[in-house]
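> With UniProt numbering as the guide, the letters of the sequence shown map in order to residues 1 to 142.
Yeah, the Cβ is synthetic: ideal placement off N, Cα and C, and Gly gets one too.
Given the structure is predicted, the values throughout are model-derived calculations rather than measurements.
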Amino acid sequence: MPSIRFLAAAAGALLFAVAVPASAASSDPLAETVAQGQQLFAKSTFGGAGRTCDSCHVNGGKGPGEAGGHPLPSLENAAAIYPRFSQKAGRVMTLAAQIRHCIQGGLGAQPPAYGSAELVALETYLASLAHGQSLDMGGAPK
């Protein structure tokens, strides 16, 4: 005869299994992270003066943009060309460092910390724009 402790544990496990929606079991973490990054890109001001990444990098970064009267290239190959040496910064910049630089300088905001869920989501979103392009470290933005 099963013990009461065993029955209680089994009943709790069954309740948990029933309470978890079927969609949670079949979720796609990569797609969720891309969607989170896209949302941050389009909507988050990161505590700045009301501007978002999409304010300068229009159309979700998929087309040319403009900041302060200066043209900006599309971000469609950004993930493929980093890391790269930045003449202006005088050092090698990773994609994460470039994102943080844009948020701090371009948006006048507090960038997400290295390794944070927000920064990883932004990097993942930009990588999704590349659609499998070959790496071209140090290459030029398109």
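Just the C-alpha distance for residue 56 and residue 72, rounded to the nearest angstrom, thanks.
Rounded to whole angstroms, residue 56 to residue 72 spans 8 Å at the Cα level.
> With a threshold of 8 Å, are at least 3 pairs of Cβ atoms found where one atom belongs to the region 42 to 53 and the other to the region 126 to 142?
Because the criterion of three Cβ pairs below 8 Å is not met, the region 42 to 53 and the region 126 to 142 do not touch.
> Assuming contact is defined by CB atoms lying nearer than 8 Å, are residue 34 and residue 128 in contact in what I supplied?
Yes. Within cutoff.
> Among all the DSSP beta bridges, which residues are the ones paired with residue 84?
In DSSP, residue 84 forms a bridge with 93.
> Use the C-beta contact count for residue 91: other C-beta atoms within 10 angstroms, 16 or more gives buried, fewer gives exposed.
So residue 91 counts as exposed.
> Buried or exposed, going by whether 16 or more other CB atoms sit within 10 Å of the CB of residue 121?
Burial call: buried.
> Can you have a look at residue 135 and say buried or exposed, based on whether 16 or more other CB atoms are within 10 angstroms of its CB?
Exposed is the call here.
> According to the Cβ coordinates, are residue 63 and residue 54 closer than 8 Å?
It is not a contact, given that the beta carbons lie outside the stated cut-off.
> With the cut-off set at 8 Å, would you say residue 126 and residue 79 are in Cβ contact?
Yes.
> Residue 82 and residue 95 - do their beta-carbons sit closer together than 8 Å?
In contact: residue 95 and residue 82 (Cβ atoms closer than 8 Å).
> Measure the CB-CB distance between residue 109 and residue 41 and report whether it falls below 8 Å.
Cβ distance not < 8 Å, so residue 109 and residue 41 don't count as in contact.
> When DSSP labels each residue in this structure, what does residue 29 get in the three-state scheme?
Residue 29 falls in the helix class under three-state DSSP.
> Looking at residue 67: is its Cβ nearer than 8 Å to the Cβ of residue 106?
A contact, by the Cβ cut-off of 8 Å.
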